[in-house]
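>
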Amino acid sequence: MNRRADLGAFLRSRRARIRPEDAGLRGFGERRRVPGLRREELAQLAGVSADYYTRFEQGRAENVSDAIVDAVARALRLDAVEVGHLHRLVRATGGPLPTPVQQVRPGLRRLMDSMPHTPAYVVGRRTDVLAWNAPMAAMMVDFAALPAEQLNKAWLVFCHEELRSRFVDWEAKARDVVAYLRLDLGRHPGDPAYPALVAELSERSDEFGRLWEQQELREKTHGSYHLRHPAVGEFTVAYESLTLPGDADQTLVTYTAEEGSPSQAALHVLAELAGLAPGPGRGPGVWVGT
């Protein structure tokens, strides 16, 4: 992506969120050409000259100190995720970098396979789906049947009708995926695969383009989704995202349901559909995979 364009678009989107009166600036009642703060108003709040801030927003300011970046962040009322993103945009330099292929450790695959009622998958850079277990495939889609180029969470959410239909509130899921993808792009500004993915999704989906332009950022941590499946109807799962030691670009995501709830029963049914039902004469907790 174009670093200067990304930096400028991000800063403009954050200026647009703040009304002058909310920042303690006097309103003059004139019709404003832009929503939110003007550049000179933001410069005043950050304690820099209007000319310097203009060059900063355009990516033309050289050797910007962390203190200046933090002052702009405070003036824009950025949260911790947004502050980190701004620092990465400011520091990003150079051209495309080689992208190593991500490998999932065998032990991690065995860990996922040992969880017969817990859908789980590993997501990597660009939201690539790197590995999954049978319950995850039963809950969402048969990942193994997909071409390699479609094993990407953002692509699936916007372009795969079956997986898209799993989310009762698809708009919320779409926002989460786009916000995480933009945050991840800021961590890898030299990876040429990001602009290629964004261009493809923008061409395929007007919804993606609309959400991408909103400049939202979101870390993938924990939360819940309301899902639907033709075999079990609607149910709710909570997810936890665990960054893996040894590769900060890989995240293990697991889905669980409240003990004794109908949603937990739904996960058990999906496990049976995945061939993870208890075998004859086996005690509870001893499962046979397919």
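Numbering (UniProt numbering), first residue to last: 1 to 290.
The beta-carbon is built from N, C-alpha and C at its ideal position, and this holds for glycine as well.
Small disclaimer: the values here were computed from a predicted structure and weren't measured.
#1: Can you confirm whether the region 65 to 84 touches the region 99 to 109 when touching is taken to mean that 3 or more C-beta pairs between the two stretches lie within less than 8 Å?
#2: State the beta-bridge partners of G233 as determined by DSSP.
#3: Could you tell me which of A231, E240, L45 and A193 sits nearest to A120, measuring between CA atoms?
#4: Just to confirm, are K73 and V83 a CB contact at a threshold of 7 Å?
#5: Excluding the 5 residues preceding and the 5 following G8 in the sequence, name in chain order all residues of the same chain whose CB lies nearer than 7 Å to its CB.
#6: What's the call for R36, buried or exposed, on a 16-neighbour Cβ count within 10 Å?
#7: Would you give the residue range spanned by the alpha helix (DSSP H) that A46 belongs to?
#8: So, A257 versus V237, is the Cβ gap smaller than 7 Å?
#9: Which residue or residues does DSSP assign as beta-bridge partners of H222?
#10: Tell me whether the beta-carbon of A50 lies closer than 7 Å to the beta-carbon of A61.
#11: Keeping to the same chain, check which residues put their C-beta closer than 8 Å to that of L163; ignore five residues upstream and five downstream.
#12: In terms of residues, what are the limits of the alpha helix (DSSP H) holding A148?
#13: Going by the beta-carbon positions, is the gap between E216 and V81 smaller than 7 Å?
#14: From D122 to P262, what distance separates their C-alpha atoms?
#15: Do R166 and L211 have their C-beta atoms within less than 7 Å of each other?
#16: For L197 and G124, what's the separation of their Cα atoms in angstroms?
#17: In the structure shown, what three-state DSSP assignment does V141 receive?
#18: Looking at the structure shown, is Q250 part of a helix, part of a strand, or coil, going by DSSP?
#19: According to DSSP, is A120 part of a helix, a strand, or is it coil?
#20: When you compare only the Cα positions, how much space is there between R4 and E200?
Taking the definition as stated:
#1: Not touching, per the Cβ criterion.
#2: In the DSSP assignment, the residues bridged to G233 are H229.
#3: Taking A120 as reference, the option from A231, E240, L45 and A193 with the minimal CA-CA separation is E240.
#4: For the sequence presented, residue 73 should be read as Ala rather than Lys. In contact: A73 and V83 (Cβ atoms closer than 7 Å).
#5: Correct list, in chain order: E57, Q58 and G59.
#6: First, the residue type needs correcting, since residue 36 is Gly and not Arg in the sequence shown. Buried is the call here.
#7: Counting along the chain, A46 sits inside the alpha helix (DSSP H) bounded by residues R39 to A46.
#8: A Cβ-Cβ contact shorter than 7 Å links A257 with V237.
#9: In DSSP, H222 forms a bridge with E240.
#10: Cβ atoms of A50 and A61: not closer than 7 Å.
#11: The residues are M140, V141, L156 and V157.
#12: Here A148 belongs to no alpha helix (DSSP H), and DSSP marks it neither H nor E.
#13: In this structure, V81 does not lie closer than 7 Å to E216 by Cβ.
#14: Checking the displayed sequence, the identity of residue 122 turns out to be Val instead of Asp. Using only the alpha carbons, I get a separation of about 26 Å.
#15: No; because the gap between Cβ atoms is not below 7 Å, this pair is not in contact.
#16: CA-CA distance, L197 to G124, rounds to 14 Å.
#17: Three-state result, V141: coil.
#18: Reduced to three states, the DSSP call for Q250 is strand.
#19: DSSP places A120 in strand when its eight states are reduced to three.
#20: Near 21 Å, if we compare the C-alpha coordinates of E200 and R4.
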